[in-house]
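Residue numbers (my numbering): 361 to 564.
Right under this line is the structure:
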């Protein structure tokens with residue numbers, strides 16, 4: 361049976377559905393009255409499929425499962441898709457939420473392990489984690505959404521709160537420097553980073 365809301369390509373011509381048996385099916389929905397299956401079912405997950413998301417350009421499908429993984433599928437030719445382009449690991453419990461940044465270069469995943477992870481998917485076949493995982497302090501899965509300008513990630517969870525995380529690195533550095541002014545003195549640098557030449561991250 362279906363486990364989640366199907367994902368529809370922006371052009372409305374292809375729909376992806378995930379199932380409790382771990383399979384994903386792609387459907388031709390150009391004529392909603394006569395939908396047809398495209399190719400064979402996609403079978404790589406070892407558990408139920410919980411969430412699906414298409415990249416903005418429609419060329420990549422991301423799937424999250426009870427097997428704690430995210431799989432990336434090249435669906436440029438939906439009927440020819442057979443194996444995932446990449447498997448993303450790091451979550452320790454079921455992956456229940458996925459969303460792409462509007463430019464398609466970053467994927468956010470949320471899991472029942474109380475973490476949100478960011479992935480560089482500029483080249484889906486060479487996808488890699490970005491930084492460390494983030495924790496929304498929730499005991500259940502997360503619902504994720506990027507802002508239109510991509511600098512904010514909204515996270516809603518079972519704690520009845522919505523958190524907004526600013527992903528603008530330059531802005532984060534400026535904020536840290538403003539609140540920790542003069543903390544990393546040359547003396548402290550020499551104490552903890554004696555093998556490196558003094559290069560304070562914040563301008564005096």
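For every residue, glycine included, the Cβ atom is placed at its ideal position computed from N, Cα and C.
Is residue 391 a contact residue of the ligand GTP, with contact defined as CB to any heavy atom under 8 Å?
Absence of the ligand GTP is noted for the structure shown, with no ligands found whatsoever.
Evaluate the contact criterion for the region 490 to 510 versus the region 531 to 541: three or more CB pairs, one atom per stretch, below 8 Å.
With a cut-off of 8 Å, the region 531 to 541 and the region 490 to 510 do not count as touching, because too few Cβ pairs lie within range.
Do residue 467 and residue 476 have their C-beta atoms within less than 9 Å of each other?
To locate residue 467, count along the chain shown from 1; it is residue 107. To locate residue 476, count along the chain shown from 1; it is residue 116. It is not a contact, given that the beta carbons lie outside the stated cut-off.
Looking only at DSSP bridge pairs, what is residue 490 linked to?
Translated into positions along the chain shown, residue 490 becomes position 130. Per DSSP, 478.
Among the residues of its own chain, which have a CB less than 8 Å from the CB of residue 417, if the five just before and after it don't count?
Counting from one through the chain shown, the residue named residue 417 turns up at place 57. Closer than 8 Å at Cβ, skipping near neighbours: 464.
Is residue 479 near residue 485, with beta carbons less than 9 Å apart?
Along the chain shown, read from residue 1 onward, the residue named residue 479 stands at position 119. Along the chain shown, read from residue 1 onward, the residue named residue 485 stands at position 125. Result no, Cβ atoms of residue 479 and residue 485 do not sit closer than 9 Å.
If you follow the beta strand (DSSP E) that residue 516 is part of, which residue opens it and which one closes it?
Taking the chain shown and counting its residues from 1, the one referred to as residue 516 is at position 156. Segment 512 to 516, the beta strand (DSSP E) holding residue 516.
Alpha-carbon to alpha-carbon, residue 562 and residue 551:
Position 191 of the chain shown, counting from 1, holds the residue named residue 551. Position 202 of the chain shown, counting from 1, holds the residue named residue 562. Taking the straight line joining both Cα atoms gives about 18 Å.
In this structure, how does DSSP classify residue 523 when only helix, strand and coil are distinguished?
Along the chain shown, read from residue 1 onward, the residue named residue 523 stands at position 163. In the three-state DSSP reduction, residue 523 falls in the strand class (E or B).
Could you name the residues of the same chain whose beta carbon sits closer than 6 Å to that of residue 516, not counting the 5 residues immediately before and after it, in chain order?
As a working mapping, residue 516 is identified with position 156 in the chain shown. Correct list, in chain order: 503 and 522.
At what residues does the alpha helix (DSSP H) containing residue 330 begin and finish?
Because the chain here runs from 361 to 564, residue 330 falls outside it and cannot be looked at.
Same chain, Cβ closer than 6 Å to residue 388, five either side skipped, listed in chain order
Here the question's residue 388 lines up with position 28 in the chain shown. The answer, listed in chain order, is 396 and 398.
Between which residues of its own chain and residue 431 is the CB-CB distance below 6 Å, once the five residues before and five after are set aside?
Residue mapping note: residue 431 aligns to position 71 of the chain shown, counting from 1. Result list for residue 431: 404, 423, 444 and 447, in chain order.
Determine, using beta carbons only, whether residue 510 and residue 524 come nearer to each other than 9 Å.
Position 150 of the chain shown holds residue 510. Position 164 of the chain shown holds residue 524. By the CB criterion at 9 Å, residue 510 and residue 524 fall outside the cutoff.
Cα-Cα separation between residue 553 and residue 449, rounded to whole angstroms
Taking the first residue of the chain shown as position 1, residue 553 is located at position 193. Taking the first residue of the chain shown as position 1, residue 449 is located at position 89. Cα to Cα, the separation comes out at about 32 Å.
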